[in-house]
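Scroll down for the structure; my scribbles are underneath it.
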Amino acid sequence: MSRGRASRPHRPSTCPSGKVRFRDRIAANLALATIQRRDRPGREKLEVRVYRCSDCRGFHLTSQRSRAAR
């Protein structure tokens, strides 16, 4: 019997902002695709895009369509 790594549930890390942090754009896009595929009746907000965080240098999901001008 081989001794492979035991599968453990993924525990997302967090940003100082308290948001879920994804280590790269690919992981964030996979999470976004999963969320968008699910049927969520009555859900007010739905994440629509990925953005890079300057605080944790990771990626987050947002329900805002485009970045607001600063």
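If you count the sequence shown from 1, position 50 lands on 50 in UniProt numbering, and the numbers rise without skipping. Idealized CB from N, CA, C, for every residue including glycine.
Short Cβ contact (8 Å threshold) for R23 with C15: It is not a contact, given that the beta carbons lie outside the stated cut-off.
Rounded C-alpha distance that separates C56 from V50: C56 and V50 have their C-alpha atoms some 14 Å from each other.
Proximity below 8 Å, CB of L32 to CB of E44: Going by C-beta atoms, L32 is not nearer than 8 Å to E44.
Proximal residues to S17 (C-beta, below 7 Å), its chain only, five neighbours per side dropped: Spatial neighbours of S17 in its own chain (CB-CB distance under 7 Å, excluding positions within 5 residues in sequence) are listed in chain order as D55.
For R57, the three-state DSSP class (helix, strand or coil): Coil at R57, not helix or strand.
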